[in-house]
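Read through the structure below, which is laid out as structure tokens, and then see the notes.
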Amino acid sequence: MSKEKQGAEPDKTADNYDPKSMKDQKVEKEQKSDTPAGDQPPPRKSSKAGLVWLIIFFIITILAVYKFQGGGVSKTFSQNKFEKYLADDRIITAVVSSETDRVLYVTGKFKLSLEEQQQQKIKDGSKAKKIGIYTTRVIFSEQFNQQLQSKCPKVIIKPKENWWSLLATVLPALLIIGLIYFLFSRQIKMAGKGAMSFGKSKARMIMPSDLKISFDDVAGADEAKEETKEIIDFLKDPLKFKLLGGRIPKGALLMGAPGTGKTLLAKAVASEANVPFFSISGSDFVEMFVGVGASRVRDMFEQARRHSPCLIFIDEIDAVGRSRFSGMGGGHDEREQTLNAMLVEMDGLETQSGVIVLAATNRPDVLDPALLRPGRFDRQIVLDLPDIKGRRQILDVHVKTIRVAEKVDLDVIAKSTVGFSGADIANLCNEAALLAARNDKEAAEQDDFEEARDKVRWGRERKSRKITEKERKLTAYHEAGHTLVSINCTNVDPLHKVTIIPRGRAYLGATMTMPKEDSYTQSKNELLDQLAVLMGGRAAEELVFKDVTSGASSDIEQSSKIARLMICTFGMNDKIGPVQYRPYHEQIHVRADALPAETYSNETAQTIDREVQLLIENSYKRAMDILTTQYDKLEKLSQALLDKETLNADEIYKLLDLAPPV
Numbered sequence: 000m001s002k003e004k005q006g007a008e009p010d011k012t013a014d015n016y017d018p019k020s021m022k023d024q025k026v027e028k029e030q031k032s033d034t035p036a037g038d039q040p041p042p043r044k045s046s047k048a049g050l051v052w053l054i055i056f057f058i059i060t061i062l063a064v065y066k067f068q069g070g071g072v073s074k075t076f077s078q079n080k081f082e083k084y085l086a087d088d089r090i091i092t093a094v095v096s097s098e099t100d101r102v103l104y105v106t107g108k109f110k111l112s113l114e115e116q117q118q119q120k121i122k123d124g125s126k127a128k129k130i131g132i133y134t135t136r137v138i139f140s141e142q143f144n145q146q147l148q149s150k151c152p153k154v155i156i157k158p159k160e161n162w163w164s165l166l167a168t169v170l171p172a173l174l175i176i177g178l179i180y181f182l183f184s185r186q187i188k189m190a191g192k193g194a195m196s197f198g199k200s201k202a203r204m205i206m207p208s209d210l211k212i213s214f215d216d217v218a219g220a221d222e223a224k225e226e227t228k229e230i231i232d233f234l235k236d237p238l239k240f241k242l243l244g245g246r247i248p249k250g251a252l253l254m255g256a257p258g259t260g261k262t263l264l265a266k267a268v269a270s271e272a273n274v275p276f277f278s279i280s281g282s283d284f285v286e287m288f289v290g291v292g293a294s295r296v297r298d299m300f301e302q303a304r305r306h307s308p309c310l311i312f313i314d315e316i317d318a319v320g321r322s323r324f325s326g327m328g329g330g331h332d333e334r335e336q337t338l339n340a341m342l343v344e345m346d347g348l349e350t351q352s353g354v355i356v357l358a359a360t361n362r363p364d365v366l367d368p369a370l371l372r373p374g375r376f377d378r379q380i381v382l383d384l385p386d387i388k389g390r391r392q393i394l395d396v397h398v399k400t401i402r403v404a405e406k407v408d409l410d411v412i413a414k415s416t417v418g419f420s421g422a423d424i425a426n427l428c429n430e431a432a433l434l435a436a437r438n439d440k441e442a443a444e445q446d447d448f449e450e451a452r453d454k455v456r457w458g459r460e461r462k463s464r465k466i467t468e469k470e471r472k473l474t475a476y477h478e479a480g481h482t483l484v485s486i487n488c489t490n491v492d493p494l495h496k497v498t499i500i501p502r503g504r505a506y507l508g509a510t511m512t513m514p515k516e517d518s519y520t521q522s523k524n525e526l527l528d529q530l531a532v533l534m535g536g537r538a539a540e541e542l543v544f545k546d547v548t549s550g551a552s553s554d555i556e557q558s559s560k561i562a563r564l565m566i567c568t569f570g571m572n573d574k575i576g577p578v579q580y581r582p583y584h585e586q587i588h589v590r591a592d593a594l595p596a597e598t599y600s601n602e603t604a605q606t607i608d609r610e611v612q613l614l615i616e617n618s619y620k621r622a623m624d625i626l627t628t629q630y631d632k633l634e635k636l637s638q639a640l641l642d643k644e645t646l647n648a649d650e651i652y653k654l655l656d657l658a659p660p661v
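Mapping of the sequence shown onto numbering that gives the first Met the number 0: residues 0 to 661, in sequence order.
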């Protein structure tokens with residue numbers, strides 16, 4: 000099928016590209032299209048005209064009802080005829096209102112004679128009516144008033160009517176109509192578009208001038224920036240690549256932990272390339288109506304082709320790109336239809352160049368393999384947590400927006416924020432500025448950054464919590480046990496701070512360590528030392544109080560997890576050997592190549608349980624031996640915690656007459 004039959008634009012990078020003809024085709028196509036995003040919608044009749052006609056019709060109806068109330072035969076009487084009917088007791092009701100000072104307007108019901116009933120029956124062809132409606136005008140006199148009061152069974156005197164009374168009748172109804180119109184105006188406007196308006200894309204087109212983000216704002220992701228520079232070069236000069244026969248990737252998938260800057264990098268790419276940027280979330284495709292997601296995908300790519308070259312950014316693509324062969328939980332037809340439409344648009348029979356798709360996710364393991372194959376997302380760009388160099392660069396970016404004291408050493412902050420993402424570092428700088436403002440400082444100082452780092456990592460101190468003296472003493476010995484064992488274990492992270500003030504999720508106290516450098520693996524000796532440190536708190540409780548409490552529950556949970564990982568996953572047990580055993584209770588994402596959880600026998604499970612228990616018991620015994628031999632230091636450290644509540648590493652080493660680690 001030719002491009003003209005497909006209704007698509009010619010390639011702007013082709014040799015026979017003519018800007019003038021291209022402009023004419025674009026104008027003609029925009030006139031035929033259904034108001035795409037960013038284009039001028041075609042003129043249409045204003046919906047206000049319908050509201051005006053509706054109000055006019057309602058007013059006429061009210062006037063008609065107001066003037067011709069009731070039912071039956073309607074007649075106009077002269078005054079003489081009315082007085083005759085009144086004398087014959089044929090007037091049933093009379094509603095009297097004054098038109099002028101002397102003239103009365105009378106209306107009501109009267110009894111029809113047999114002759115009048117037959118005439119009406121012959122005239123209408125319906126059942127004979129016994130009651131008619133009359134209207135008359137009479138000149139007021141005392142004689143007429145007495146006759147009316149004596150002969151008419153029901154007389155109603157109404158005040159003089161005017162347009163104000165009529166307006167008081169009509170105005171409430173008009174207000175109700177106006178309220179209904181404004182409440183449902185959106186539905187009224189969409190009614191003319193038809194049900195397919197739900198299938199219009201929700202992608203927001205952002206022009207490069209509105210982004211105001213450059214590559215200088217993206218720090219700590221040098222490799223990812225280098226990989227995206229090729230996309231920028233193609234968008235700036237696509238002809239250079241085509242002359243060499245190269246093909247730019249049709250899509251790039253940004254993968255990484257939350258807060259590593261995936262969305263920020265996508266905005267920087269669009270801004271540097273100076274092309275339109277379509278932004279949409281994966282959840283925007285999903286709707287309560289079947290087929291809407293697929294329709295929105297097609298409409299989004301159609302809009303993008305009209306503005307090519309351009310970028311489409313799909314945030315959290317795992318909302319619609321999950322694997323279609325999960326094998327559990329049943330299928331999801333709507334999501335699968337949306338995914339199929341996306342697969343076809345990215346690389347199908349009628350796919351055109353000039354549109355590059357960027358997507359971001361922190362769950363690449365659940366994406367469909369067809370979405371990740373070359374030709375769709377050709378390039379998978381990983382954004383890891385920044386290293387010390389990247390954290391320093393990120394700090395340089397964010398401290399530009401706050402006032403920082405000259406003596407602040409950002410290298411120390413970068414070194415002590417191992418494991419922080421870009422979003423965490425941005426939050427750290429903001430918290431430091433807030434702390435400085437709270438303390439009436441002119442600029443954020445080093446201690447503000449230190450406290451902000453601890454607040455982001457562990458939470459804020461909760462000094463308002465009331466703790467009994469018994470629990471306070473118990474917490475001091477518990478944290479002193481962790482601290483003393485940590486000092487005697489050389490393979491754990493260096494000590495940073497110890498406190499008996501609740502902070503964050505810690506209900507009583509906390510012993511905080513700070514890694515010296517980035518590490519991506521852990522040795523067996525490091526994990527064994529961690530187990531001993533975790534058991535130090537419970538060992539101190541039993542050694543001092545001859546009793547144990549529930550305060551060590553989180554330590555037991557964490558140590559059990561580490562011990563099971565050492566045995567079942569890391570192969571760090573001589574009896575089990577270097578074999579991976581997945582626990583029975585582990586929940587996995589079932590895929591076509593996934594293994595079942597039950598991959599070992601009951602005898603092996605019993606062996607694993609015994610080895611885990613033995614490993615934790617040995618760590619507990621090791622912690623108890625350290626505290627027993629250094630009981631005087633445990634007492635000294637506990638008393639210092641009771642007095643000062645918080646001790647940093649330098650104060651602890653000075654208190655115990657120990658040399659700090661290098």
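We put the beta carbon where it would ideally sit given N, CA and C, even for glycine.
- Residue pairing by DSSP puts Gln379 in a beta bridge opposite Leu252.
- Shortest Cα-Cα distance from Gly421 to any of Gly508, Thr262, Lys496 involves Thr262.
- The three-state secondary structure of His495, taken from DSSP, is strand.
- For Gly389, the enclosing alpha helix (DSSP H) stretches over residues 387-397.
- Burial state of Ile155 is exposed, judged by a 10 Å Cβ sphere holding fewer than 16 other Cβ atoms.
- Residue pairing by DSSP places Val403 opposite Ala443 in a beta bridge.
- A straight line joining the alpha-carbon of Asp87 with that of Trp52 spans about 48 angstroms.
- As for any alpha helix (DSSP H) of minimum length 4 sitting wholly inside the stretch 219-277, the runs are 221-235, 237-242, 261-272, ordered along the chain.
- When rounded, the separation of the alpha-carbon atoms in Gly244 and Leu366 is 31 angstroms.
- Of Gly320, Ser73, Ser559, Pro275, the smallest CA-CA separation from Val354 is found for Pro275.
- Note that the stretch 601-610 does not touch the stretch 511-528; fewer than 3 beta-carbon pairs, one per stretch, sit closer than 8 angstroms.
- Thr512: member of the beta strand (DSSP E) spanning 509-512, first to last residue.
- The stretch 376-384 makes contact with the stretch 221-240; the number of CB pairs closer than 8 angstroms reaches 3 or more.
- In the same chain as Asp656, and ignoring 5 residues on each side of it, no C-beta atom comes closer than 7 angstroms to its own.
- Nearest C-alpha to Val543 among Lys472, Ser549, Met571, Pro577: Lys472.
- In the assembly as shown, Arg459 is an exposed residue. Its beta-carbon has fewer than 16 other beta-carbons within 10 Å.
- For Thr134, the enclosing beta strand (DSSP E) covers residues 130-138.
- Residue state for Asp346 is assigned as coil, using DSSP reduced to three classes.
- Boundaries for Tyr104: no alpha helix (DSSP H) harbours it, while the beta strand (DSSP E) harbouring it runs 102-110, taken from the DSSP string.
- Of all alpha-carbon atoms in Thr510, Asn490, Thr467, Ile412, the one lying nearest the alpha-carbon of Trp457 is that of Thr510.
- Distance between Ile175 and Arg334, taken at the CA atoms: about 42 angstroms.
- Only exposed fits Phe181, as fewer than 16 other CB atoms lie within 10 angstroms of its CB.
- Here Glu271 is not near Ser322, since their CB atoms are 8 angstroms or more apart.
- When C-alpha distances from Asn339 are compared across Gln302, Tyr619, Ser294, the shortest belongs to Ser294.
- Cα atoms of Asp408 and Gln445: separation of roughly 7 angstroms, rounded to the nearest angstrom.
- A residue is called buried when at least 16 other Cβ atoms come within 10 angstroms of its Cβ; Leu394 meets this threshold and is buried.
- Within the model, the alpha-carbon separation for Ile90 versus Ile179 is close to 43 angstroms.
- By the CB criterion at 8 angstroms, Gly480 and Leu626 fall inside the cutoff.
- Beta-bridge annotation (DSSP): Ser213 is not paired with any residue.
- In the structure shown, the three-state DSSP call for Cys488 is coil.
- Comparing alpha-carbon positions, the option among Leu173, Ile313, Tyr84 lying closest to Phe56 turns out to be Leu173.
- Close CB contacts of Ser637 within its chain, under the 7 angstroms cut and outside five residues either way in sequence, are with Ala475, Tyr476, Ala479 (chain order).
- Looking at Ser149, Ser522, Leu253, Thr489, the one whose alpha-carbon comes closest to that of Arg362 is Leu253.
- Comparing alpha-carbon positions, the option among Lys388, Phe300, Asp386 lying closest to Met345 turns out to be Phe300.
- Segment contact: the stretch 641-650 against the stretch 487-498, three or more CB-CB distances shorter than 8 angstroms; contact assigned.
- In this structure the stretch 543-558 does not lie against the stretch 517-525, because fewer than three pairs of beta carbons, one per stretch, are closer than 8 angstroms.
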